[in-house]
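Numbering-wise (numbering that gives the first Met the number 0), the sequence shown opens with residue 0 and increments by one.
Note that CB positions come from ideal geometry on N, CA and C, so glycine has one too.
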Amino acid sequence: MTAMTATSNRTTASTGGTPALVVVAHGSRDPRALSTVRALLDRVRALRPALPVHLGHIELNEPLLPDTLTALGDGEAVLVPLLLTRGHHVRRDIPDLAAASPARTRVAAPLGPHPLLVDALHARLTEAGWPAHPGPDHAVVLASAGSRAPASRTDTSRTAALLAARLGVPVVPAYASAATPTVPEAVRALTARGHRRVAVASCFTAPGRFATQSAAAAPWIASAPLGTHPSMARLLLHRYERALAIDDKSNPPKGARGTARPATTNAALAR
C-alpha cells in the first residue's frame with residue numbers, strides 16, 4: 000500500500016533532497032511506550048544516518064503528527080505507520096492529517112503482514128522460552144490490539160498464518176479489543192484441542208495496557224512486545240523505500256493536488 004497526498008510543487012526540506020521519514024505512532028499513556036518508540040527511531044537512524052527521521056503521534060503523546068508535519072514546512076516526507084494492520088488510523092486518520100499539512104506526503108503501508116514482522120515475533124517468542132523444536136502439544140495465540148475494520152482482521156490473520164508456517168504449529172489470531180476471539184477465548188480453544196503448551200505472542204509495537212492484559216492471559220509463556228527488535232527498524236525502512244518506489248511508478252506528479260488512495264491488496268503488503 001502507498002497513499003499520496005500532494006500539495007504544491009515545493010522544495011524538499013530534508014538532507015540532499017531526500018524525503019524525510021516520519022514514523023507515526025499511536026501514542027500511549029504508558030511512559031514505556033514513548034521511550035520504546037524513541038529507541039526504535041534511534042535504531043533506524045543508526046541504519047540510515049543521512050536520512051531525516053521524525054516522530055509524530057496520532058494522540059496522547061507529543062509531538063503530535065500535525066505538529067511534526069508543520070515543522071517540516073513544505074518539504075517532502077513519507078509517513079510510515081508504526082501500526083501493524085490496516086485499521087481506521089491507517090486508512091483514514093493518517094491520510095487525513097497528511098492532507099491537511101503543508102508538506103508533500105506519501106503514506107506507506109502498515110508494518111504487517113510482512114516476513115520481517117514475523118522475524119521479530121519469532122525472536123521475541125524464542126527469548127521468552129519457545130523451543131527450537133516444538134511438539135504437537137505446542138500452539139500460539141497471536142495477541143493483537145484489534146479493530147472493527149475487516150481489513151485489519153485480515154492482516155492479523157495473514158500474520159498469524161505466516162508465523163504458523165515459520166513455527167510449524169497452530170497460530171490463532173486474537174484481540175485485546177474491538178474484535179473476537181479475545182486472547183483468553185483463543186487460549187481456551189487451543190487448550191480444548193489438546194495443546195498443553197500455549198504461548199501468547201505479543202503483536203504490539205510497545206509496552207502498554209493491551210500488551211500487559213494479553214500477557215496475563217498466557218497459560219505458559221508470553222513474549223515481550225516487538226519494541227526495538229532490529230527487524231522492526233529494518234521494516235520501517237523497507238516501508239519507506241517501498242512507498243517511494245510505488246509512488247514513482249503510479250502517483251500523479253508532485254505539482255498536482257491529490258487525495259490519499261486506499262490500501263492495496265494483502266499481497267502488496269507482504270512485499
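In three-state DSSP terms, what is residue i?
i: A191; result: helix
i: T211; result: helix
i: P149; result: helix
i: S34; result: helix
i: V89; result: helix
i: S222; result: coil
i: A70; result: helix
i: H237; result: helix
i: L83; result: coil
i: D41; result: helix
i: R165; result: helix
i: D29; result: coil
i: L243; result: helix
i: A97; result: helix
i: A160; result: helix
i: L50; result: coil
i: A232; result: helix
i: A259; result: With a pLDDT of 40 at A259, under the threshold of 50, the modelled position of this residue cannot be trusted, and the question is left open.
DSSP beta-bridge partners for residue i?
i: G55; result: V23
i: H137; result: R196
i: Y174; result: S143, T181
i: A76; result: A19, T104
i: S201; result: A142
Kindly list the residues whose CB is nearer than 6 angstroms to the CB of residue i, restricted to its own chain and excluding five residues on each side of it in sequence; keep chain order.
i: R31; result: P206
i: E58; result: G26
i: A127; result: I220, S222
i: R270; result: none
i: P290; result: Residue 290 is absent from the structure shown; the chain starts at 0 and stops at 270.
i: T155; result: T84, S143, P172
i: R192; result: none
i: V89; result: P80, L82, P109
i: A131; result: none
Taking 8 angstroms as the limit between beta carbons, can you name the residues of its chain near residue i, skipping five residues before and five after?
i: T190; result: V197, P218
i: T17; result: T11, A49, L50, P51
i: Q212; result: A175, V182
i: R37; result: L54
Can you list, in chain order, the residues of its chain with a C-beta nearer than 7 angstroms to that of residue i? Leave out the 5 residues immediately preceding and following it.
i: Y239; result: L20, V77, V79, A107
i: L231; result: Per the sequence presented here, residue 231 reads as Met, with Leu not at that position. Closer than 7 angstroms at the Cβ level, and outside the excluded window around M231, lie L39, A119, L225.
i: T271; result: This structure cannot settle anything about residue 271, because the visible part of the chain is limited to 0 through 270.
i: D92; result: I57
i: V168; result: P133, H137, A138, V139
i: R44; result: V52
i: L236; result: V43, L46, R47
So residue i is in the beta strand (DSSP E); what residue range does that whole segment cover?
i: E61; result: No beta strand (DSSP E) contains E61, which DSSP labels as neither H nor E.
If you follow the alpha helix (DSSP H) that residue i is in, where does it begin and where does it stop?
i: A119; result: 114-127
Just to check my reading of the structure: residue i and residue j have Cβ atoms closer than 8 angstroms, yes? What is that Cβ distance to the nearest angstrom?
i: A177; j: G145; result: 4 angstroms
i: P229; j: R42; result: 7 angstroms
i: V117; j: L71; result: Not quite, the Cβ-Cβ distance comes to about 32 angstroms (not below 8 angstroms), so this is no contact.
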